[in-house]
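The structure under discussion appears below in the form of structure tokens.
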Amino acid sequence: MPISTEDLEGGITRVILEGRLDIEGAAAVDLRMNVIAGTKKAVIVDLQNVSFLGSMGLRALVAPARAIKGRGGRIVIFGPNELVEKVLKTSGVDTMIPIHHELQNAIAALQ
Amino acid sequence: MTGNGKDTTGERLNLRSRISELAQVPPWIERLAARHTIPATTQFAMDLCLEEVLSNIVQHGYSNDPNHPIVVQFTNATEDYYMFVVEDEAPPFNPVVAPVLPAAGSPDEVQVGGNGIRLLRRFADTLEYQARPTGNRLTIGFSVAGSPIAKD
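Line by line, the protein sequences give chains X and U.
Here the first sequence stands for residues 2 to 112, numbered as in our numbering.
Here the second sequence stands for residues 773 to 924, numbered as in our numbering.
Written out as structure tokens, the structure is:
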């Protein structure tokens with residue numbers, strides 16, 4: 002699963018995930034997500050191009066989010082499609098990682 | 773088990789108990805969806821439920837011990853109702869009544885794991901479990917008209 006990062010103004014890091022965040026996808030991004038979680042304090046996880054999210058994919062989001070918040074940082078999710086958002090809400094992850102559909106709102110939530 | 777053949781292009785998928793085998797499932801569902809004109813929302817639900825069920829069988833039912841059989845049989849019961857019957861030879865486990873971790877009461881209580889059964893129950897329309905003499909049979913049903921996704 003492709004993962005890339007982009008530095009935005011204000012010390013914000015945009016993490017762009019693409020494809021299926023399933024068991025294989027989660028394994029592919031786990032290390033990179035953990036590195037980001039250990040070094041960044043304001044993170045947007047861009048899910049615009051994520052077509053599938055399963056429980057192992059949720060782990061790949063929740064564990065880094067917990068680490069970032071544990072260091073006093075903030076993390077938000079940006080742009081999930083309707084079905085991916087339903088997975089996030091069913092699992093309650095949206096209460097831990099706020100979901101935004103406008104990039105400006107996602108950035109504002111981190112400032 | 774319903775069979776031990778190698779047919780993965782038809783209505784039945786024969787897997788061994790390895791996580792790597794699960795990569796066969798999404799393209800199989802895609803082919804079924806194309807063949808039966810299954811809507812994308814229902815296809816997503818099928819994909820999700822099978823990933824949760826099959827990964828649970830491999831990781832917990834068989835404790836990641838490879839080479840045990842898992843058979844998934846697809847049935848198009850009616851025009852807008854589809855079923856997958858999943859059979860394994862793992863110790864008894866009934867996901868229909870298995871406890872689910874409590875829902876998050878606060879953001880910090882969100883569990884890292886344990887969401888598989890919750891997602892299965894939310895995205896499947898029907899779940900029916902049968903203990904077999906040598907394992908488990910789980911029937912997962914999806915109704916296009918009555919899908920919890922479609923209704924939202």
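Even glycine gets a Cβ: it sits at the ideal position worked out from N, Cα and C.
The structure displayed is predicted, hence computed values, not measured ones.
- Positions of the alpha helix (DSSP H) runs, each at least 4 residues long and wholly inside the region 59 to 105 of chain X, are given as 83 to 91 in order along the chain.
- At a Cβ-Cβ threshold of 8 Å, residue 825 (chain U) and residue 910 (chain U) count as neighbours.
- Of all residues in the region 50 to 75 of chain X, the ones placed with a Cβ closer than 9 Å to any Cβ belonging to chain U are 52, 53, 54, 55, 56, 57, 59, 60, 63, 64, 66, 67 and 70, in chain order.
- Burial is judged here by how many other beta carbons sit within 10 angstroms of a residue's own beta carbon; residue 837 (chain U) has fewer than 16 and is exposed.
- In the three-state scheme derived from DSSP, where H, G and I count as helix and E and B as strand, residue 14 (chain X) is classed as strand.
- By the Cβ criterion, the region 4 to 14 of chain X is in contact with the region 37 to 55 of chain X, since at least three pairs of Cβ atoms, one from each stretch, lie closer than 8 Å.
- Residue 49 (chain X) has no beta-bridge partner at all, per DSSP.
- In the displayed model, residue 815 (chain U) falls within a helix according to three-state DSSP.
- Separation of the CB atoms of residue 888 (chain U) and residue 56 (chain X) is rounded to 4 Å, and the pair is thereby assigned contact status at 8 Å.
- Residue 61 (chain X) places its beta carbon less than 8 Å from that of residue 22 (chain X).
- The three-state reading of DSSP puts residue 807 (chain U) in helix, counting H, G and I together.
- Residue contact check for residue 88 (chain X) against chain U: a CB pair falls below 8 Å.
- In this structure, the CA atom of residue 783 (chain U) is about 11 Å from the CA atom of residue 808 (chain U).
- Residue environment: residue 890 (chain U) is assigned as buried (16 or more neighbouring CB atoms within 10 Å of its CB, all protein chains considered).
- For residue 25 (chain X), the enclosing alpha helix (DSSP H) begins and ends at 24 to 40.
- Looking at the backbone, the Cα of residue 806 (chain U) and that of residue 35 (chain X) are separated by about 38 Å.
- The continuous beta strand (DSSP E) containing residue 907 (chain U) extends over residues 907 to 915.
- With the rule of 3 Cβ pairs closer than 8 Å, the region 814 to 825 of chain U does not count as touching the region 94 to 101 of chain X.
- Neighbours of residue 870 (chain U) in chain X, taken as residues whose beta carbon is under 7 Å from its own, are absent, since the nearest beta carbon is some 14 Å off.
- Of the candidates U:789, U:832, U:848 and U:893, U:893 places its Cα closest to the Cα of residue 868 (chain U).
- DSSP, read as helix, strand or coil, puts residue 827 (chain U) in helix.
- Excluding sequence positions up to five before and after residue 49 (chain X), its CB lies within less than 6 Å of the CB of 80, all in the same chain and listed in chain order.
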